[in-house]
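J.: In this text, residue positions in the sequence shown follow our numbering: the first is 2, and each later residue adds one. Just so it is clear, CB atoms sit at the ideal spot from N, CA and C, and this is done for glycine as well.
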Amino acid sequence: MTNPRNSFDKGLGVFGLTDIGGIGGFAGLLHLFGAYRLARGRVIQFDDAEWVELGVPGLHRFQADGESEGKLEHVRLRSIPDALEVYSP
Numbered sequence: 002m003t004n005p006r007n008s009f010d011k012g013l014g015v016f017g018l019t020d021i022g023g024i025g026g027f028a029g030l031l032h033l034f035g036a037y038r039l040a041r042g043r044v045i046q047f048d049d050a051e052w053v054e055l056g057v058p059g060l061h062r063f064q065a066d067g068e069s070e071g072k073l074e075h076v077r078l079r080s081i082p083d084a085l086e087v088y089s090p
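1) Please classify Arg43 as buried or exposed, where buried requires at least 16 neighbouring CB atoms within 10 angstroms.
2) Check whether the Cβ of Asn4 sits closer than 7 Å to any heavy atom of the ligand PLP, and report yes or no.
3) Within 10 angstroms of its Cβ, does His61 collect 16 or more other Cβ (buried), or is it exposed?
4) Under 8 Å, do Asp66 and Asn4 count as touching if we go by C-beta distance?
5) Between the Cα of Lys1 and those of Ser80, Asp83, Val57 and Ile24, spot the shortest distance and give me the residue it belongs to.
6) So is His32 buried or exposed if we call it buried at 16+ other beta carbons inside 10 Å?
7) Under 8 Å, do Glu54 and Ser80 count as touching if we go by C-beta distance?
8) Who are the near neighbours of Ser89 in its chain, counting only those whose CB is closer than 8 Å to its CB and skipping five residues on each side?
9) Contact defined as beta carbons within less than 8 Å: I believe Gly17 pairs with Asn7. What is the distance between those atoms, to the nearest angstrom?
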């Protein structure tokens with residue numbers, strides 16, 4: 002799990018790898034399986050953010066929640082409280 006402490010009620014959860022190539026990318030992915038020590042320094046993660054702003058030099062592919070948003074060089078994401086109603090039996 003990427004952000005187990007994040008809450009839908011409080012904001013955005015962000016999880017990213019600093020490098021997805023080679024052994025560094027593999028070590029970063031181990032975070033998903035609980036190997037937090039091996040992933041240290043290769044993972045960017047925070048919970049319950051009101052907004053997140055990302056920028057890169059040039060156009061790069063961007064995904065939000067697994068969906069492609071096209072090629073961008075700047076994006077700002079913000080949390081909208083009470084935008085979703087979650088029901089779980």
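T.: Taking the geometry as given:
1) buried
2) No copy of the ligand PLP occurs in the structure displayed, which carries no ligand at all.
3) Classification for His61: exposed.
4) Asp66 is not a Cβ neighbour of Asn4, given a cutoff of 8 Å.
5) Within the shown structure, residues of the chain are numbered from 2 to 90, placing residue 1 beyond reach of any answer.
6) buried
7) no
8) So no residue of the chain qualifies.
9) Not quite, the Cβ-Cβ distance comes to about 14 Å (not below 8 Å), so this is no contact.
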